[in-house]
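> Numbering-wise, the numbering used here puts 715 at position 675 of the sequence shown, and it's gapless, one number per residue.
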Amino acid sequence: MFPHIACEPPIGLVTVETGPSITFHASLSARDAGLYQVAVWHDGNTTRSWDALELRRVNSINDTHYFSGSFTPPVSTVHFTLKFRSSDHEWEWLNDHEPHPDGTLVLQAQEIPARVEDFLEGWDESWAVEQQHSGDVACLAWTLTANVEPSSESESSWSSRSIGTPKNLLKWFALVRHSTPWLGPRQGDASFSPDKAALLVSFLRGDGLHMVMLALNGIPDCLTTFDGDGSGRVIVTTRNDGQQHGRSTVLIAAAKVLDTAITAVVSSAKQLLAPEESAIGGSTGEVTPDLERWYDAFTYCTWNGLGQQLNEEKIMSAIARLEEVGLDFPTLIIDDNWQTLDFNGNSNFEYKWANFEANQEGFPQGLKHTVSKIREAHPKIKHIAVWHGMFGYWGGMDPNGHILKCYKPRQAMKQTAESYLSNGPIYTVQGHDIGQMYDDFYAFLAESGIDSVKTDNSFMPDYLAEASDRRDTVYTYQDAWLAAVKKHFQHRAISCMSQTPQILFHTFLASGDRPSYLARNSDDFFPHEPSSHTWHLFCNAHNALLTQHLNLLPDWDMFQTAGQFAKMHAVGRCLSGGPLYITDPPGEHDFDLIQRMIARSIDGRSIALRPERVAVTMEVYVKPHSDRLLRLGTTHQGASMLGLMNVGDGTVIELAKLASFPGVDTNISYVVCKHFNAATIGPMHVADELPFVSISLGVGDVEILSAAPVHAVGGVRFAVLGLLGKMTGAAVVRSFEIDEGGNDVVKLSLNLKAVGNFGIWLANAQSFIASKSIDATLRVGESTRNVGVSLEKHEVLELDLEEAWRAVCGEGSTDTVAVLTVSFGKAGSH
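Pasting the structure below:
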């Protein structure tokens with residue numbers, strides 16, 4: 041039987057190494073008892089002939105053998121593959137059994153070239169080039185600008201200029217306008233050739249450096265993107281809807297680390313647009329405790345779970361059934377189909393909004409009555425949001441309805457790019473009246489007991505066909521919406537279908553005076569289309585490369601906990617740093633999965649444990665369906681979390697090197713926990729002989745690896761693991777302090793946002809337990825309780841915080857933070 045082989049650096053991909061020495065690690069799993077050998081076949085020499093580097097066996101565990109070997113190539117680029125053999129058999133090529141392109145290693149250049157001409161050749165001479173101060177010595181940045189002619193009253197002015205051909209190109213990545221409202225990732229090789237217009241582009245060069253380009257938007261009335269010309273050149277296209285001269289602006293940065301370059305171009309955009317930002321005014325931009333509770337809240341959305349025929353009875357029945365089976369949630373989203381519509385047309389995409397009040401058929405006593413019933417019967421629900429469209433509904437506003445009798449109407453023609461939207465005219469409110477309309481609408485919602493909104497099809501102003509209509513509505517609608525959300529809902533809003541360049545730069549680029557808004561991070565997935573699930577996750581992970589730098593929290597959308605891809609969706613949401621919504625039909629739940637996603641907050645709510653950093657893909661240039669696990673990385677309070685998802689169509693075996701985890705400090709050791717496998721590995725250091733975790737995942741399967749830093753204080757070595765059994769258990773920690781106090785005691789104090797079974801890895805834990813050298817207490821407010829400590833697994837202490845919390849608080853508290861104090865007597869280490 042053919043053995044399973046995994047290698048780091050991986051076969052088939054381009055890997056950048058900082059050098060000068062390169063170390064290969066390989067695992068070989070086989071059921072037979074043969075004595076295996078593994079060799080790297082490479083061209084890393086001055087003659088470019090192919091040589092063998094035989095790897096030495098460093099360990100064997102059950103049927104898996106581990107190999108390692110290093111060499112220092114005298115060249116900057118190395119191509120390689122693997123061969124293997126058992127006992128006295130002939131060598132076999134890995135590619136004969138598992139066809140892959142050769143792997144490529146690039147030794148990164150020590151210096152970044154100083155001129156933009158070193159990165160691009162053959163650009164249009166009309167560009168004005170200015171070097172920028174990136175704020176990072178490891179990054180160089182430039183701004184390129186050119187004029188664009190004014191538009192006519194209804195027709196836009198267009199410009200198209202070459203910015204040249206990227207030099208020394210190996211791979212490229214782009215975030216393109218996947219559709220009018222959404223971004224999506226594209227990857228390619230040595231010639232830039234996106235299938236759609238791009239907003240952000242990154243190029244990996246043969247010297248291991250990254251060059252990033254960002255098309256600047258948010259300049260009044262101008263929309264700028266990148267295209268290819270079929271020969272590898274980058275073409276900058278700008279549409280000017282304004283009746284004044286516009287600007288085509290491109291921001292470029294080069295760095296050794298991709299995120300450094302992305303950070304630089306986004307920072308340049310913020311600096312250039314600061315004078316032109318809309319002033320919404322008022323708040324400090326800080327996240328209030330109430331807003332943070334809203335971000336964290338476990339949320340139920342009615343859309344898929346209850347269907348489109350929504351009514352008060354369905355909502356009340358669903359909430360009751362969910363609570364009967366133990367599912368409580370602090371936030372409810374009443375999604376589409378509560379509004380009063382005209383129902384003229386063949387589908388909901390043609391229906392139009394007629395009145396502020398809920399429809400009489402489903403809500404005969406009005407929205408306020410329904411909301412009051414929900415709050416009275418289900419006091420654990422603290423927040424209730426409703427859905428609506430930016431123009432009211434998918435088909436706009438009813439020209440004969442009550443709303444357009446109260447505000448001046450505007451008739452406009454739509455574009456035809458989105459097949460699900462009907463062609464022809466659409467009605468909405470004139471720009472100078474829209475502020476009043478939104479103020480009145482949200483005042484009505486607030487009076488009805490609604491305290492948050494989910495605003496969909498936000499792209500509609502940009503979808504209008506004529507320049508004059510876009511000019512009068514794109515920014516006017518955004519400013520009116522933001523002002524009304526702030527006034528009536530204290531910034532509690534979800535922005536959907538809002539990845540048009542104008543909205544991303546105008547609304548979400550700079551913080552201004554606003555805290556982060558929730559914003560959908562990619563297009564929908566469709567429950568009955570399997571390929572849409574994996575694409576949705578791949579898309580979110582890559583879109584976050586840009587959205588992590590904006591003033592928003594990425595919303596990966598609702599999902600159902602029962603189904604083939606539920607675990608994968610859950611991992612994505614938990615790691616994302618954004619909100620957690622489910623839309624299960626009542627009675628169709630995976631309770632084990634739900635319990636892994638949520639925790640009990642100190643004030644008794646069901647919450648998500650959101651990492652403090654937005655999760656992003658760790659391998660930007662890897663195409664979908666490339667037989668590579670999707671790697672999603674984030675960090676929290678020094679802990680590193682790596683989600684691994686098999687988005688392909690076959691079993692994948694890989695080695696996850698500790699050095700590839702986000703934010704890992706190469707000077708310290710880590711304890712690595714497998715979430716679903718429930719294994720604890722380490723301590724591990726990046727310089728160890730086996731500095732990786734071996735992973736095997738079937739189709740649609742997932743794993744989360746959490747690396748907790750090992751602290752060595754006063755002879756005590758420990759690592760804070762967080763809540764055990766939770767996907768992002770490390771994110772329960774708000775902050776912590778370590779004190780080497782007197783009396784031979786090391787004290788650990790942690791501020792926690794939730795309770796459960798808390799884990800601490802402790803070297804020589806058995807001796808501490810035997811000598812009773814561990815004390816733990818939980819304090820909530822002014823009350824303190826001792827915490828039970830047990831040793832259930834090798835060197836992992838388990839602290840039952842929930843039992844102590846219930847003894848102190850019952851079912852809840854007004855406090856939102858608990859303090860866990862753990863003291864280790866040094867005698868326990870002897």
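We put the CB at the ideal spot given by N, CA and C, even for glycine.
It should be emphasised that the depicted structure is a prediction, and the values quoted were computed from it without experimental measurement.
(1) Tell me the rounded alpha-carbon separation between A752 and I721.
(2) Is P465 helix, strand or coil when you go by DSSP?
(3) Could you check if S127 is buried or exposed, using at least 16 other CB atoms within 10 Å of its CB as the buried criterion?
(4) Based on Cα-Cα distance, which residue from K408, T63, G489, P404 lies nearest to V118?
(5) In angstroms with no decimal places, state the Cα-to-Cα distance between E316 and G683.
(6) Residue range of the alpha helix (DSSP H) that V827 falls in?
(7) Please report the straight-line C-alpha distance between E132 and T112, rounded to a whole angstrom.
(8) So, with DSSP's three-state summary, where would you put N99?
(9) Closest by CA to A524, which one among Y482, P723, R554?
(10) Could you spell out the range, first to last residue, of the alpha helix (DSSP H) harbouring A655?
(11) I'd like to check one pair, S116 with L93: are the Cβ atoms closer than 8 Å?
(12) Does DSSP classify P329 as helix, strand or coil?
(13) Give the straight-line distance between the Cα atoms of S224 and L764, rounded to the nearest whole angstrom.
(14) Quick check on A181: buried or exposed, where buried means 16 or more other Cβ atoms within 10 Å of its Cβ?
(15) Out of E353, I534, G432, state which residue places its alpha-carbon closest to the alpha-carbon of A425.
(16) Per the DSSP calculation, N187 is bridged to which residue(s)?
(17) Compute the distance between the beta-carbons of T706 and V726, then report whether it is under 8 Å.
(18) Apply the 10 Å Cβ neighbour rule to Y76 and answer buried if 16 or more other Cβ atoms are within range, or exposed otherwise.
(19) What does the alpha-carbon distance come out to for the pair M608 and P594?
(20) What first and last residue would you give for the alpha helix (DSSP H) that runs through Q311?
(21) Pull the bridge partners of D624 from the DSSP assignment, please.
(22) Does the beta-carbon distance from R645 to G617 come in below 8 Å?
(23) Report buried or exposed for S200, applying the criterion of at least 16 other Cβ atoms within 10 angstroms of its Cβ.
(24) Would a check of beta-carbon distances place Q283 closer than 8 Å to chain B?
(25) Given a cut-off of 8 Å on the beta-carbon distance, is the pair L841 and V795 in contact?
(26) Which of the three DSSP states, helix, strand or coil, is assigned to P225?
(27) Have a look at L95, R554, G402 and flag the residue whose alpha-carbon is nearest the alpha-carbon of H82.
(28) Run through the segment 769-830 for me and flag every whole beta strand (DSSP E) of 3 or more residues, listed as ranges in chain order.
(29) Should P555 go down as buried or exposed, given a rule of 16 or more other Cβ atoms within 10 Å for buried?
(30) State yes or no: is the C-beta of A748 within less than 8 Å of the C-beta of V704?
(31) Could you check where the beta strand (DSSP E) with T495 kicks off and where it finishes?
(32) Does the segment 416-436 come close enough to the segment 379-391 that 3 or more CB-CB pairs lie under 8 Å?
(33) Note down the Cα distance separating P153 from A79, rounded to an integer number of angstroms.
(34) Please report the Cβ distance between L239 and L215, rounded to the nearest whole angstrom; I am assuming they are in contact, meaning their Cβ atoms lie under 8 Å.
(35) Considering only residues of the segment 501-589, which uninterrupted beta strand (DSSP E) runs meet the minimum length of 3 residues and lie entirely inside it, listed in chain order?
(36) Going by the beta-carbon positions, is the gap between I800 and L737 smaller than 8 Å?
Reading from the atomic positions:
(1) 18 Å
(2) strand
(3) exposed
(4) T63
(5) Residue confidence is low: E316 scores 45 on pLDDT, short of 50, so the model does not pin down where it sits. Its coordinate-derived value is still stated next. About 39 Å.
(6) No alpha helix (DSSP H) holds V827; DSSP gives it neither H nor E.
(7) 25 Å
(8) strand
(9) Y482
(10) It is not in any alpha helix (DSSP H) - A655 carries neither H nor E in the DSSP assignment.
(11) no
(12) helix
(13) The identity of residue 224 in the sequence shown is Gly, whereas the question assumes Ser. Looking at the two C-alpha atoms, the distance is approximately 35 Å.
(14) buried
(15) I534
(16) R287
(17) yes
(18) buried
(19) 17 Å
(20) 298-313
(21) Partner(s): none; D624 has no beta bridge.
(22) no
(23) exposed
(24) You won't find chain B in this structure, because it holds only one protein chain.
(25) yes
(26) strand
(27) L95
(28) 773-780, 785-792, 797-802, 814-820, 823-826
(29) buried
(30) no
(31) 492-496
(32) yes
(33) 36 Å
(34) 5 Å
(35) 533-535, 557-560
(36) no
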